[in-house]
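This report refers to the structure that appears directly beneath it.
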Amino acid sequence: EYDADLLYSSTYKSELKRFDLDSNKQFEITKGDRVYSPTISGGNIIALQTESAGANVISINGSGDKSILARFDGAVPVSIKANPSSPDQLALIVNRRGVQALWITTPQTIAQDILQAPRVAFKDASIFDLDWHPTEQKLLFTADRSSAMNVYELNLSNGDILQKTNSIFNAFEASYSPDATSIAYVVQQNQEQKVAILHQDDFYNNRVPRDDLLTGNTLEEKLTRSLLGSEIETDSWNIEKYGNDLSWLKPRAVIPVLRENSGATQVGVNLQSIDALSSQSYSAEISGIQNRLWYDLSYTNKTFWPGFKIRSYSDPSFGVLDFGSNNRYSVMEQERGFDLSIPMNFTFNGTTRGKSLYVSPRITAEQFRYFDLSPKPISDFETQFKAGGFSQFTWNLLTQRRDIQPSSGISIFAFLDKALNDQDVLITFSDGNQALLEIRDRWAAYYGLIGYIAPLRKYNQSLRYDFQALNQSSSLLYSKSTIIPESFTDNAFLVSANSNETFNNLGRFSTRYTIPISYPGEGGMLVPAYLQAIYLSAFSHTITNLEQDSLEELISASRSVFGAGLHFQFNIANLTFDFGFGVSFEPTRNNAKFVFGDF
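In the numbering used here, the protein residues as written are 1 to 599.
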């Protein structure tokens with residue numbers, strides 16, 4: 001049994017257990033001793049036990065006491081198998097200097113036998129998967145002599161080796177039937193591993209030429225050759241402590257930016273780089289919208305734990321200010337400032353599925369002001385300070401090869417920010433009107449759950465669903481576009497002078513189903529930029545005002561939009577970005593909208 005380590009990903013401690021078929025109970029033989037490949041030899045269990053980067057052959061008696069039968073210097077035992085008809089006879093596979101060969105030995109002489117030449121070693125193949133004949137001095141094993149693994153049989157009486165299978169795909173892990181008239185083995189077919197049975201009348205029985213075996217001086221040279229790099233003289237090397245130079249500042253990735261922002265197109269470029277040890281990185285985005293330049297610069301330092309991230313930015317957002325009496329103005333808000341965060345990522349044990357916790361508290365000092373859509377400034381800068389953070393917990397997130405989005409798992413996230421001071425903003429509009437905007441006690445919480453299911457996982461199709469909520473004070477701290485996607489056909493949930501609804505508490509349910517239709521290129525090290533996938537998506541968003549008293553009112557206050565699109569997924573080195581275009585339709589408004597970008 002392999003028990004996953006609680007701290008280290010993809011790390012296991014193996015232990016031996018005995019299962020009683022009559023009582024349907026299991027009994028522990030060893031506990032966390034890293035013992036594997038057990039075989040019964042008389043009244044003892046012979047097995048392998050991990051030691052450092054190698055392993056030893058050990059014996060376990062009926063009382064559970066362990067003793068070492070053989071240690072290995074410059075070699076690693078792979079598996080061991082006792083002959084059921086002659087328990088003192090052992091077959092042992094050892095990898096020595098890259099030669100994975102077969103030794104025949106006994107528990108009493110194994111320490112001496114492994115110092116001698118192996119019984120079988122191939123020139124261009126390794127040996128795996130041992131199984132003894134029920135009554136005769138014969139042994140099944142797997143070897144990769146050709147383009148695929150196949151099953152072979154060694155006759156210990158005369159030394160002949162016969163190829164039993166002739167599979168064009170891998171055939172391995174063979175075992176005899178009780179009367180040895182057939183063998184069962186695993187065969188690779190159409191990316192699946194299936195159990196197959198081969199009768200003796202259908203055995204391939206092709207004799208392996210002696211020339212294919214390693215023997216004599218050639219074998220001795222292979223088993224005693226120097227390890228790769230061991231002959232390099234290192235005494236004259238000048239060893240210095242590693243330190244970064246400034247060469248890593250050269251951008252490693254240049255990514256175009258194209259996004260829709262409140263009906264306008266924001267275009268720019270994003271530069272990214274990271275040092276060789278992944279201890280320092282930066283991202284720099286420069287973009288333009290409304291005839292102004294905007295930037296978002298960040299630097300992350302992980303040379304110590306937990307490290308820090310500092311960010312400088314000047315970002316636009318759009319909205320409508322309503323002062324009553326039909327005094328409504330469309331405005332653009334500029335926020336510029338700095339924030340300091342401490343990103344901490346904790347990864348739990350997982351092999352194929354991701355499990356992690358991310359926590360990042362932060363403090364922010366920024367200024368903001370308003371523009372009309374000319375754009376001309378209509379207020380002075382006001383300063384505000386904020387404290388908050390972001391956290392995300394991910395559990396069992398599975399992304400298979402060629403998946404567009406994960407196929408299973410959940411992720412829970414939360415953003416929380418609180419303004420530490422208040423402002424009085426005097427706004428002078430282009431028509432001469434003035435208004436005093438009193439901003440008090442601003443706070444916001446944006447949180448939700450994202451999940452994935454894949455009824456057609458075999459075809460890399462999956463469904464994403466998410467529940468999100470945005471709660472904030474009467475003086476808004478987050479833009480409503482945080483939770484309202486661009487696919488709605490108009491400015492949804494705007495405050496109106498004719499209604500008391502503030503829309504400060506919004507809830508959202510969304511779905512996104514992806515269908516891959518083509519994988520044009522695989523890219524790789526020699527092709528740094530390529531089109532990875534083309535896929536279709538179908539999506540829906542339903543948003544409602546949570547300030548309702550009943551389920552019926554929640555439903556009547558909701559708005560829904562449905563849509564579909566065609567997407568192109570590009571890779572630049574190991575970075576992936578997505579561009580698509582499609583159409584959304586809002587039935588209650590009978591309106592359609594063209595959408596593009598990442599949706």
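Glycine included, C-beta positions come from ideal geometry on N, C-alpha and C. This one's a predicted model, so the numbers in the text were calculated from it and none came from an experiment.
Short Cβ contact (8 Å threshold) for residue i with residue j
i	j	result
ASN504	SER474	yes
SER374	SER479	no
ASN261	ILE289	yes
TYR535	ILE515	yes
ALA171	ASN158	no
PRO107	SER175	no
ASN95	ALA75	yes
TYR446	LEU420	no
GLY607	PRO343	Residue 607 falls outside the range modelled here, since the chain spans only 1 to 599, and no answer is possible.
ARG362	ASP339	yes
GLU15	ASP33	yes
TYR204	GLN163	yes
For residue i, the nearest candidate out of the options (CA to CA)
i	options	result
ILE378	HIS541, ASN396, LEU436 and ASN83	LEU436
SER182	GLN49, THR142, ILE239 and PRO134	PRO134
GLU586	VAL595, VAL561, LEU575 and SER85	VAL561
ILE80	LEU48, ARG71, ALA387 and LEU566	LEU48
LEU297	LEU321, SER287 and GLU221	SER287
GLN193	ASP211, PRO178 and GLU173	GLU173
ARG508	ALA121, ALA143 and PHE488	PHE488
Whole-angstrom distance between residue j and residue i, CA atom to CA atom
i	j	result
GLN569	PHE579	6 Å
LEU551	ARG559	14 Å
GLY243	THR224	38 Å
PRO141	THR165	Residue 141 is actually Phe in this sequence, not Pro. Roughly 11 Å separates the two Cα atoms.
THR542	ARG311	33 Å
PHE368	GLN191	57 Å
ALA111	LYS13	26 Å
ARG589	ASP466	24 Å
ALA497	GLN461	Confidence at ALA497 is low in this model, with a pLDDT of 43, below 50, so the placement of that residue should be treated as unreliable; the coordinate-derived value is given next. Rounded to whole angstroms, ALA497 to GLN461 spans 45 Å at the Cα level.
GLY521	ASN571	10 Å
ILE104	ILE93	9 Å
ASN591	GLY582	14 Å
ASN238	THR218	38 Å
VAL359	ASP417	14 Å
GLN189	ALA148	12 Å
LYS222	GLY98	8 Å
SER584	ASP441	37 Å
ILE127	GLN100	6 Å
LEU156	VAL186	24 Å
Residue i: first and last residue of the uninterrupted alpha helix (DSSP H) it sits in
i	result
SER462	Counting along the chain, SER462 falls outside any alpha helix (DSSP H), though it belongs to the beta strand (DSSP E) covering 462-472.
SER556	551-556
ILE29	Careful: ILE29 lies outside any alpha helix (DSSP H) and carries neither H nor E.
GLN112	110-113
Residues bridged to residue i (per DSSP)
i	result
PRO640	Because the chain spans 1 through 599 in this model, residue 640 falls outside it and cannot be assessed.
SER584	GLY563 and LYS593
HIS541	SER510 and VAL561
VAL320	SER330
PHE346	LEU357
GLY288	VAL267 and LEU293
GLY432	In the DSSP output, where bridge partners are listed per residue, GLY432 has none listed.
GLU382	PHE368
ALA171	VAL187
SER411	THR394 and ILE450
TRP132	LEU139
VAL208	DSSP lists no partner for VAL208.
TYR299	TYR282 and ILE310
ALA419	LYS386
ARG457	According to DSSP, ARG457 bridges with nothing at all.
ASP3	LYS13
Continuous beta strand (DSSP E) stretch holding residue i: start and end
i	result
GLN193	192-199
ASN56	54-60
ASN95	86-96
LYS222	That residue, LYS222, is in no beta strand (DSSP E); its alpha helix (DSSP H) goes 216-224.
TYR478	TYR478 -> no beta strand (DSSP E), and no H or E assigned at all.
GLU15	Where GLU15 is concerned, there is no enclosing beta strand (DSSP E), given that its DSSP letter is neither H nor E.
GLY243	It is not in any beta strand (DSSP E) - GLY243 carries neither H nor E in the DSSP assignment.
ALA47	44-51
ALA101	99-105
GLN163	161-163
ARG259	253-261
ALA75	75-83
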